[in-house]
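Worksheet: the structure to be examined is printed underneath.
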Amino acid sequence: MDDPSDISTDWAQQMRQLVQTLHSHGITQVQSFAWRDLADPDAGGSEVHADHVMTRWAQAGLSVSHRTSTDRQTETFSRNGYTVTRGGGRYSVFLTVVGTRLLRRARKDVAIVEIWNGVPWFSQIWGNKVRTTWLHHIHEDMWNESLPRVLAPIARWVEIWLAPKFYRRTRIATLATTTRDELIARGYSADRVVVAEPGIDPRYCPRDNAKTSTPTLLAVGRLAPVKRFPLLLATFADVLRTIPDAHLTIAGDGPDRDMLAHEIERLHLTGHVTLAGRVSDDELLELYQSSWLLVSASHSEGWGMTITEAAACGTSCVVTANHGHCAAATHNVTGLIVEDDAELSAAMIQVLTDNALRNTLTRGALTHAAKFQWDRTATILLQALVDSLPPRNHRS
0 MDDPSDISTD WAQQMRQLVQ TLHSHGITQV QSFAWRDLAD PDAGGSEVHA
50 DHVMTRWAQA GLSVSHRTST DRQTETFSRN GYTVTRGGGR YSVFLTVVGT
100 RLLRRARKDV AIVEIWNGVP WFSQIWGNKV RTTWLHHIHE DMWNESLPRV
150 LAPIARWVEI WLAPKFYRRT RIATLATTTR DELIARGYSA DRVVVAEPGI
200 DPRYCPRDNA KTSTPTLLAV GRLAPVKRFP LLLATFADVL RTIPDAHLTI
250 AGDGPDRDML AHEIERLHLT GHVTLAGRVS DDELLELYQS SWLLVSASHS
300 EGWGMTITEA AACGTSCVVT ANHGHCAAAT HNVTGLIVED DAELSAAMIQ
350 VLTDNALRNT LTRGALTHAA KFQWDRTATI LLQALVDSLP PRNHRS
């Protein structure tokens with residue numbers, strides 16, 4: 000990630016002032032709780048988001064600890080100025096944390112940040128009143144794809160029916176205006192839901208003469224059902240009928256890797272598709288810079304982080320219409336957003352074969368990406384935490 004010393008002066012000053020406000024009201028530490036850590040093999044955009052924000056909070060003088068599950072032995076370590084504790088199983092971590100906290104008296108000097116990945120931590124029954132929840136998107140239709148069959152309906156009931164009753168008065172931070180609207184429609188208080196769009200690491204930037212000589216498409220993400228990579232492969236097979244020298248690279252790993260390798264063979268795409276697996280930051284930057292088009296057929300996203308990262312590198316997109324994609328991209332400005340899956344291949348072909356359109360979208364993508372800054376994101380989220388101070392104590 001980018002060096003925390005690079006935090007812009009204005010945002011850094013605002014964050015330091017907010018930290019001072021917390022300190023003046025007796026809050027000396029923030030404890031955050033998330034399902035996965037950045038070091039987890041299944042880490043994705045949510046974990047990258049948390050790391051960027053907590054790094055900046057720590058740099059501003061706030062003591063931050065981060066608690067997550069793990070797939071191995073419990074460990075505690077420091078990263079970018081904040082403390083990470085990984086312990087507890089994939090699903091048992093929620094019960095472990097809640098059970099342990101219920102047996103302790105809530106510390107008045109600790110503020111709480113819950114990071115939902117579909118399942119809440121119910122901190123209002125065990126934590127300080129100074130707290131916020133980061134809720135990136137509603138998982139309602141994803142549970143059958145991401146959880147064992149016996150757990151999926153339970154998680155859906157908790158998220159859709161139980162959690163809103165507990166969290167109506169909690170300050171919620173989400174990534175996109177469309178998600179905010181959905182949360183309000185589900186019963187969350189409009190004056191307590193704030194939008195903090197994710198930033199873009201400054202390392203993501205264009206490079207002269209980086210594009211490949213033949214049309215290349217790039218998809219980045221965890222190889223999981225919600226990303227709908229089989230649909231993307233079938234779509235790319237259609238693209239090849241018109242553009243036979245096109246190539247698709249899929250960067251990422253996950254449970255669907257073997258199935259996708261088989262699908263590539265079944266669709267006779269061997270030689271035209273590369274399953275790159277997990278790639279380094281430098282390799283990802285190279286892929287963003289050199290590709291002609293970023294593509295995604297994902298069913299649901301809280302934000303299209305790969306879309307904005309690619310845009311910052313001068314690569315436009317063709318993506319399916321979901322809340323996160325529509326927030327991260329602008330149709331006909333930074334790329335094409337497709338409402339109907341059947342239109343995906345035509346949209347890809349259009350951008351790949353129309354140089355003038357692709358150049359226009361590239362310029363739009365670069366302009367659009369310039370407004371997303373992690374410093375701004377971290378400041379908005381810290382302000383939300385300050386705004387959760389009890390009214391009788393809160394002095395601006």
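Here numbering that gives the first Met the number 0 is used: the first residue of the sequence shown is 0, the next is one more, and so on. Just so you know, even glycine gets a beta-carbon here, dropped at the ideal spot from N, CA and C.
Give the DSSP-derived three-state secondary structure of Trp115 in the structure shown.
strand
According to DSSP, is Asp5 part of a helix, a strand, or is it coil?
Unreliable positioning characterises Asp5 in this predicted model, as indicated by a pLDDT of 48, which lies under 50. The coordinate reading is nonetheless provided below. Here Asp5 sits in helix by DSSP.
Whole angstroms is fine: what's the gap from Ile26's alpha carbon to His135's?
25 Å
Please give the ranges of any beta strand (DSSP E) in the segment 164-195, keeping only runs that are unbroken, at least 3 residues long and fully inside the region.
170-173, 192-194
Paired residues, beta bridge with Tyr81 - DSSP:
Answer by DSSP bridge pairing, in chain order: Arg78.
Restricting to runs no shorter than 3 residues, where is the beta strand (DSSP E) found entirely within the segment 202-248?
215-219
Thinking C-alpha only, which one of Ser297, Trp156, Ile183 is nearest Val337?
Looking at the Cα atoms, Ser297 is the closest of the given residues.
How many angstroms separate the CA atom of Glu285 from the CA atom of Gly87?
36 Å
If you run the structure through DSSP and keep just helix, strand and coil, what is Ser315?
Look at Ser315 here: in three-state DSSP terms it is strand.
Give the range of the beta strand (DSSP E) segment to which Ile336 is assigned.
334-337
Using the Cα positions of Gly163 and Trp120, report the straight-line distance between them to the nearest angstrom.
Per the sequence shown, the amino acid found at residue 163 is Pro instead of Gly. Going from the Cα of Pro163 to the Cα of Trp120 covers about 13 Å.
Where Ser295 sits in the DSSP three-state scheme:
strand
Expressed to the nearest angstrom, what Euclidean distance is found between the alpha-carbon atoms of Glu181 and His48?
21 Å
CB of His65 within 8 Å of CB of Asp108, strictly:
no
The beta strand (DSSP E) spanning Gln58 covers which residue range?
Premise fails: Gln58 lies in the alpha helix (DSSP H), 44-58, not in any beta strand (DSSP E).
Report the residue from Ala346, Val112, Tyr90 whose alpha carbon sits nearest the alpha carbon of Ile242.
Ala346
First and last residue of the uninterrupted alpha helix (DSSP H) at Ala328:
No alpha helix (DSSP H) holds Ala328; DSSP gives it neither H nor E.
Outcome for Asn358 when other beta-carbon atoms lying within 10 angstroms are tallied against a minimum of 16:
exposed
In terms of residues, what are the limits of the alpha helix (DSSP H) holding Trp156?
For Trp156, the enclosing alpha helix (DSSP H) has its first and last residue at 151-156.
Among Asn354, Ala364, Glu300, which residue has its Cα nearest to the Cα of Ala328?
Ala364
With DSSP as the reference, label Met0 as helix, strand or coil.
In this prediction, Met0 scores a pLDDT of 47, lower than 50, which makes its location untrustworthy; the coordinate-derived value is nonetheless stated afterwards. In the structure shown, Met0 sits in coil (DSSP, three-state: anything other than H, G, I, E or B).
Would you kindly work out how many angstroms separate the C-alpha atoms of Asn116 and Ser387, rounded to a whole number?
21 Å
From this set, Leu101, Gln13, Thr215, Val332, which residue's C-alpha is nearest Arg362's C-alpha?
The shortest CA-to-CA distance from Arg362 to any of Leu101, Gln13, Thr215, Val332 is the one to Val332.
Can you tell me which of the three DSSP states Leu365 falls into?
In the structure shown, Leu365 sits in a helix (DSSP, three-state: H, G or I).
Pop quiz: Ser300 and Gly323 are said to be a contact at Cβ under 8 Å. What is the actual Cβ separation, rounded to whole angstroms?
Looking at the sequence provided, one finds Glu at residue 300 rather than Ser. That belief holds up - the Cβ atoms of Glu300 and Gly323 are roughly 3 Å apart, short of 8 Å.
Less than 8 Å between CB atoms is the rule here; does Lys370 satisfy it with respect to chain B?
Annotation note: the requested chain B is absent from the structure, which comprises a single protein chain.
Under DSSP, the alpha helix (DSSP H) around Ser62 begins and ends at which residues?
Note, Ser62: premise wrong, no alpha helix (DSSP H); beta strand (DSSP E) at 62-67.
C-alpha gap between Ile111 and Glu264, whole angstroms
49 Å
Does the Cβ of Val149 have 16 or more other Cβ atoms within 10 Å, making it buried, or fewer, making it exposed?
exposed
Own chain residues within Cβ distance below 8 Å of Glu46, not counting five before or after:
Ala33, Arg35, Asp36, Leu37, Asp39
Which of the three DSSP states is assigned to Leu134 in this structure?
strand
Mark Trp255 as exposed unless 16 or more other C-beta atoms lie within 10 angstroms of its C-beta, in which case mark it buried.
According to the sequence as given, residue 255 is Asp; it is not Trp. When all chains shown are included, Asp255 counts as buried.
Can we say the segment 365-385 touches the segment 192-199, given the rule of at least three CB pairs closer than 8 Å?
yes
Using only CA atoms, which one of Ser344, Ser315, Asp340 lies nearest to His330?
Ser315
Roughly how many angstroms separate the alpha carbons of Phe165 and Trp156, rounded to a whole number?
13 Å
Within a Cβ cutoff of 7 Å, which residues of the same chain sit near Val238, ignoring the five residues on either side of it in sequence?
Ala245, Ser344, Met347, Ile348
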